[in-house]
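All residue numbers for the sequence shown refer to our numbering, where the first residue is 426 and numbers rise by one.
Cβ coordinates follow ideal geometry from the N, Cα and C atoms, glycine included.
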Amino acid sequence: MKQKVILVENLERELTAAINEVPHDKLFVLTDTTTVQLCWPLVKKFECMRGAMMITIGSTDEAKNLNSLAEVWAALQLGGASRHSLLVNLGGGMVTDLGGFAASTFKRGIAYINIPTTLLSQVDASVGGKTGINFGGLKNEIGVFNCAESVLLSGEFLRTLDSENILSGYAEMLKHGLLDKCEHLTSLLAFDIENPDYAKLVGMVGESVAVKEGVVTADPTEKGIRKALNLGHTVGHAIESLALREKRTVLHGYAVAWGIVMELYLSVRKCGFPSDVFHQIETFVKEHYGRFGYECKHYNELYELMTHDKKNQGGIINFTLMGGVGDIRINQSATKAEIEEMLDYYREN
Ligand code: GLY
């Protein structure tokens with residue numbers, strides 16, 4: 426993994442150093458319509474940004490599509506970008522995923538730096554080189570693995586987030602706690618996420634990203650253990666796709682939190698995950714994320730959506746389950762009846 430993950434103390438100093446480490450002819454900055462207003466003002470005054478060409482695309486996951494991607498390619502072309510140009514992605518996971526993909530494909534690949542501005546992108550999306558766009562109604566359907574040169578994690582941006590976006594990122598932190606060890610998970614469950622102590626949260630981001638980095642370094646292209654990072658996502662992505670079809674707004678982390686509960690239910694049933702820890706997580710998620718409402722008539726659609734999961738092989742739905750906190754079981758399958766039982770449990774509780 427070539428990328429450097431930097432817990433920022435002084436954004437100007439560390440961004441200047443990161444840019445200087447990449448020899449380049451022209452500098453481009455990608456924002457969306459939200460981060461251009463909330464985050465760009467913090468960065469544009471830096472000397473290292475002088476002369477940077479701005480590209481701004483629509484915000485939210487709906488803009489993570491081929492049209493926005495073409496807009497970025499066109500702006501790079503019009504701005505005279507060469508293979509030696511550098512793109513800085515300033516935004517949440519949509520911007521870092523799409524910008525990373527635009528950079529990875531423009532003239533067969535230019536260098537890019539991520540400055541993730543949401544908790545979700547700081548702890549997950551911007552780290553580990555997964556880039557891409559949504560396509561054909563499916564999340565992250567088209568993309569490549571290609572790491573940023575550097576990822577700068579700055580606490581300054583976390584204060585610009587509303588509580589839904591803090592919670593959305595926190596779901597991925599819970600996932601990392603589950604994959605790591607009991608002490609990590611316990612500290613996450615005890616933290617007051619509705620009234621966060623930001624200084625403490627920044628330290629927790631560092632601990633969380635270290636879990637992800639360890640996994641990604643061992644398996645950058647998800648042949649094996651990186652599938653662990655998909656805990657909660659087999660169900661979570663199906664929920665997001667169903668919500669998208671029904672024009673219901675669901676933030677990624679909320680879908681992951683609900684997906685974690687359902688997949689831990691399967692883990693209790695199939696892998697002996699301790700039921701007391703399961704109930705702790707279930708209670709935490711219910712209290713902070715509420716519930717995803719669906720009916721029996723949605724079961725076939727949710728099941729069909731799970732069959733599109735990128736981990737699947739030979740038509741068998743591939744889950745990452747847990748035998749306990751830190752006891753990761755990749756490549757698990759479940760029958761349709763087991764999946765329906767899981768959907769029944771969640772709907773009824
Ligand atoms: N978001 C999971 C991964 O990066 O593998």
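Item, Value
"Unbroken stretches of the beta strand (DSSP E), 3 residues or longer, contained in the region 429 to 477", "429 to 432, 452 to 457"
"Three-state secondary structure assigned by DSSP to residue 661", "helix"
"Opening and closing residue of the beta strand (DSSP E) in which residue 399 lies", "What is shown of the chain runs 426 to 774, which leaves residue 399 out entirely."
"Cβ-heavy atom distance, residue 553 to the ligand GLY, below 7 Å", "yes"
"Beta-carbon proximity list for residue 685, same chain, < 8 Å, skipping 5 on both sides", "596, 599, 600, 603, 656, 657, 661, 706, 710"
"Residue 479 - partner residues in DSSP beta bridges", "454"
"The region 687 to 694 / the region 549 to 568 touching (three or more Cβ pairs under 8 Å)", "no"
"Opposing strand residues paired with residue 756 [DSSP bridges]", "According to DSSP, residue 756 bridges with nothing at all."
"Nearest-angstrom Cα separation, counted from residue 473 out to residue 440", "8 Å"
"8 Å Cβ cutoff met for residue 568 and residue 555", "yes"
"Endpoints, the alpha helix (DSSP H) within which residue 489 is located", "Residue 489 -> no alpha helix (DSSP H), and no H or E assigned at all."
"Boundaries of the beta strand (DSSP E) in which residue 590 is found, first to last residue", "It is not in any beta strand (DSSP E) - residue 590 instead sits in the alpha helix (DSSP H) that spans 588 to 605."
"Whole-Å CB distance - residue 742 paired with residue 653, under 8 Å assumed", "Contact doesn't hold; Cβ gap of about 16 Å is too wide."
"Limits of the alpha helix (DSSP H) - the one that residue 684 falls within", "677 to 696"
"Residue of 493, 740, 701, 436 minimising C-alpha distance to residue 607", "701"
"8 Å Cβ cutoff met for residue 765 and residue 724", "yes"
"Residue 677, buried or exposed, once every other Cβ within 10 Å from all chains shown has been counted against 16", "buried"
"Cβ-based neighbour list, residue 498, same chain, cut-off 7 Å, excluding 5 preceding and 5 following", "527, 531"
"Closer than 7 Å: residue 647 CB and nearest the ligand GLY heavy atom", "yes"
"Which of helix, strand or coil DSSP assigns to residue 497", "helix"
"Under the three-state DSSP convention, the category residue 656 falls into", "coil"
"Backbone CA spacing between residue 488 and residue 610 [nearest angstrom]", "34 Å"
"Residue 510 classed as buried or exposed, judged by whether at least 16 other C-beta atoms fall within 10 angstroms", "buried"
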